[in-house]
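K.L.:
In this note's numbering, the protein residues as written are 26 to 285.
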């Protein structure tokens, strides 16, 4: 885990004296202290680029851990936070020993909380935030699959991660359940597990917002009602306020190109 911490991908920690917790001190355990995340945010608040960056970081961590026989117990998007523009993994207690021939237990969760929202925006042109906010567990695979057209059926990746899992989840009967149990009993070779992560990472890295045309605010920095004197005055007002108040955090709700 140390290399991932050094690269800023995983939050650091240090062991501290449990006696500081008084009655809350664990019996026979250890106490770890992590740096404080100054600004907490949630996946349904993030723009497309932030969710994509978080998904890639999650997969990079999984791949690196798997190479050292370590796996993650889940694939929650809520295990990632941001330090500035940089995603960082915070749930170090989800690290556990890899079990030989195990399947990726977090695949469905990863799809619903990372992949499906990204696909909704990139492949269907629908912003994911409102849907995600209404269902914090993520966007169900069967819901996304219901939007698929014949073109999506021509994509092997859409078939393997969205359409086929949706069909299996919706299938009924003992035969389907028995087949699933047999598949898990056979296990998944480690190289195949890793290949799934690498393939998924490659796919997500190429996703982008389609049809992202011009908007009223797209050229606002150079096309607005301010003249140069007004702009200088606005910068001076903002600078004076920041210097006087010295806030620990400052959120510009109308940042546009973040000039101020």
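Ideal Cβ placement from N, Cα and C applies to all residues, glycine included. These numbers were taken from a predicted model, which means no experiment stands behind them.
#1: Could you say if the region 82-95 and the region 220-233 meet the contact criterion of at least three C-beta pairs nearer than 8 Å?
#2: Label residue 198 either buried or exposed according to how many other C-beta atoms from any shown protein chain fall within 10 Å of its C-beta, with 16 as the threshold for buried.
#3: Pick helix, strand or coil for residue 81, following the three-state DSSP scheme.
#4: So what does DSSP say about residue 258, is it helix, strand or coil?
#5: Over what stretch of residues does the alpha helix (DSSP H) that includes residue 142 continue unbroken?
#6: Helix, strand or coil for residue 137? Go by DSSP, reduced to three states.
#7: Between residue 69 and residue 133, is the Cβ-Cβ spacing less than 9 Å?
#8: Here's the rule I'm using: 16 or more other beta-carbon atoms within 10 Å means buried, otherwise exposed. How should residue 148 be labelled?
#9: Excluding the five sequence neighbours on either side, which residues of its own chain have a C-beta within less than 6 Å of the C-beta of residue 100, listed in chain order?
#10: What does DSSP give as the partner residues of residue 165 in its beta bridges?
#11: Throw me the rounded Cβ distance for the residue 26 and residue 120 pair, which I believe falls under 8 Å.
#12: What residue range does the beta strand (DSSP E) around residue 106 cover?
P.N.:
Reading off the structure:
#1: yes
#2: Its pLDDT being 49, under 50, residue 198 is placed unreliably by the model, and the measurement read from it follows with that caveat. Answer is exposed; the Cβ neighbour count stays below 16.
#3: helix
#4: helix
#5: 141-149
#6: helix
#7: no
#8: With 16 or more Cβ atoms within 10 Å of its Cβ, residue 148 is classed as buried.
#9: 131, 134, 135
#10: Beta-bridge pairing links residue 165 to no other residue.
#11: 7 Å
#12: 105-108
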